[in-house]
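In this note's numbering, the protein residues as written are 19 to 371. Don't be surprised by glycine CBs; every beta carbon is placed ideally from N, CA and C.
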Amino acid sequence: MKRFRVALLANLKINAPKFEGMAEDQWDDLDSEKTISTLIEAIRAGGHICEFFEGDATLFETLPKFRPDICFNICEGHFGDAREAQVPAILEMLRIRYTGSKVLTLALALDKPMTKRILTYHDLPTPEFQSFERVDEPLGPEMRFPLFVKPSREGTGMGVTARSIVHDETELREQIAYIMKRYKQTALVERYIEGREVTVGVVGNLIGPVSRRLPNNENAPRIQAGLRFFPPMEVDLDPYKDTDTVYSNRLKVDLADQLTYLCPAPLDDDMVDELNWLTAAVFRVTGALDVSRVDYRLDASDNWKPYILEINPLPGLSPGISDLVIEAAAEGVGHAHLVNMILDAALERYELK
Ligand SMILES: Nc1ncnc2c1ncn2[C@@H]1O[C@H](COP(=O)(O)OP(=O)(O)O)[C@@H](O)[C@H]1O
Ligand SMILES: [Mg+2]
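Now the structure itself:
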């Protein structure tokens, strides 16, 4: 087996810039030193040479010296509408290969309303929505309470609390104003899906050529070859039903080690097939590569119909904590194995392996 020079690129929480008026959860989606050291060990265990580099403008200096064959990219970025796409853009300028989705997909997936427009275009089920640039924009006639208000471009449950569920005009306007002020971005308002919380992780690439569009013929074959689906994971929100009926920032960050994750989620085979197919379809129409995780709510009021909330093309890889890591473990795929599966998917895509 060939030994590759792999540069691990990430944004460490301890290296993140601090600024006045910064929200407490500002850097909740960045990585810990422990995650980074475990990732380095994993890549080295795969037989490669690996070093860590902070994913910022210093890469223009540091990377050409290291001369990587490929970068293992998990950079979330710091500032800007398309911050997850910035390091990949640098890498493309430097003509260096990297794992995971490319610039367009990373920028798209960070923007939830824009992603939902693509999903809607393909008739993929995602909650009805409206994007608010101003607090007082009139609510569309198809938007019925209760509604759900969240930031358009955050992750890790940032801005998601029990107050995200709004029941009337007053609560709606209050929450839109809060999101805009605190996160300085448009607010995404969706139909509130009461029900179960499920996520599906996937590694690999669709065997091509596969156009990014889905055929509009219902009977067309469901193309998903080349993708390895992990069993769906459900977050058991039942113990928190009085405070958090959604996967809030509080649960994702403060209570992460106390949550009960059901994996594989108790779902029948038809539902798992449907979720896998939807995951493949989202992966395809957003142009994702190598790895992703798609989040769903299953609608309690409509026979548990699955609704796509978002695609995470840079899913967390914290050992023992991140959803994708838990899903892989449920199939006996340990952390180091999972990391090397992602790396291998990229190496194969670049025809290096
Ligand atoms: N339309 C919705 N209906 C019900 N719950 C929602 C809705 N949108 C988001 N949520 C809840 O908020 C959580 C975080 O939302 P999500 O869009 O996945 O953002 P994040 O990037 O923070 O994970 C979800 O896991 C879910 O529990
Ligand atoms: Mg999510």
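{"Asked": "Cβ-based neighbour list, residue 115, same chain, cut-off 6 Å, excluding 5 preceding and 5 following", "Found": "88 and 368"}
{"Asked": "Where residue 208 sits in the DSSP three-state scheme", "Found": "strand"}
{"Asked": "Local conformation of residue 214 per DSSP, three classes", "Found": "strand"}
{"Asked": "Secondary structure, alpha helix (DSSP H): runs of 4+ residues fully inside the region 46-79", "Found": "51-63"}
{"Asked": "Alpha carbon of residue 308 to alpha carbon of residue 225, nearest angstrom", "Found": "12 Å"}
{"Asked": "Counted within 10 angstroms of its Cβ, other Cβ atoms place residue 278 as buried (16 or more) or exposed", "Found": "exposed"}
{"Asked": "Neighbourhood of residue 362 by C-beta, 7 Å cutoff - its chain only, sequence neighbours within 5 removed", "Found": "371"}
{"Asked": "Inter-residue Cα distance where the pair is residue 31 and residue 263", "Found": "28 Å"}
{"Asked": "Reference residue 223, options 246, 216, 214 and 229, closest by Cα", "Found": "246"}
{"Asked": "Every unbroken beta strand (DSSP E) within the region 216-247, with a cutoff of 3 residues, ordered by chain", "Found": "245-247"}
{"Asked": "Beta-carbon proximity of residue 354 to residue 63, cut-off 7 Å", "Found": "yes"}
{"Asked": "Residues near residue 297 in its chain [Cβ-Cβ closer than 6 Å; skip 5 each side]", "Found": "218, 220 and 312"}
{"Asked": "Closest Cα partner of residue 216 within the set 27, 289 and 205", "Found": "289"}
{"Asked": "The region 168-179 contacting the region 264-273, beta-carbon criterion three pairs below 8 Å", "Found": "yes"}
{"Asked": "Residue 153 to residue 37 span [Cα, whole Å]", "Found": "26 Å"}
{"Asked": "Where the beta strand (DSSP E) containing residue 116 begins and where it ends", "Found": "Premise fails: residue 116 is in no beta strand (DSSP E) and is neither H nor E."}
{"Asked": "Extent of the continuous beta strand (DSSP E) to which residue 159 belongs", "Found": "Looking at the DSSP string, residue 159 is not in any beta strand (DSSP E), and its letter there is neither H nor E."}
{"Asked": "Closest by C-alpha distance to residue 148, when choosing among 76, 205, 283 and 285", "Found": "205"}
{"Asked": "CB-CB length for residue 145 against residue 325, believed under 8 Å", "Found": "5 Å"}
{"Asked": "Residue 281 and residue 346 closer than 7 Å at C-beta", "Found": "no"}
{"Asked": "Check whether residue 105 and residue 73 have beta carbons under 7 Å apart", "Found": "yes"}
{"Asked": "Residue range of the beta strand (DSSP E) that includes residue 377", "Found": "In this structure the chain extends from 19 to 371, so residue 377 is not present and cannot be described."}
{"Asked": "Presumed contact (8 Å Cβ cut-off) between residue 137 and residue 112, rounded CB distance", "Found": "Actually they are not in contact, since the Cβ atoms of residue 137 and residue 112 sit about 33 Å apart, beyond 8 Å."}
{"Asked": "Any non-hydrogen atom of ligand 2 closer than 6 Å to residue 313 Cβ", "Found": "yes"}
{"Asked": "DSSP-derived helix/strand/coil call for residue 257", "Found": "helix"}
{"Asked": "Length of the line joining the Cα atoms of residue 407 and residue 59", "Found": "This structure cannot speak to residue 407, because the chain is shown only from 19 to 371."}
{"Asked": "Endpoints, the beta strand (DSSP E) within which residue 148 is located", "Found": "147-150"}
{"Asked": "Every unbroken alpha helix (DSSP H) within the region 267-304, with a cutoff of 4 residues, ordered by chain", "Found": "287-303"}
{"Asked": "Option nearest residue 29 by Cα separation, candidates 44, 23, 71 and 67", "Found": "71"}
{"Asked": "Residue range of the unbroken beta strand (DSSP E) whose run includes residue 317", "Found": "308-317"}
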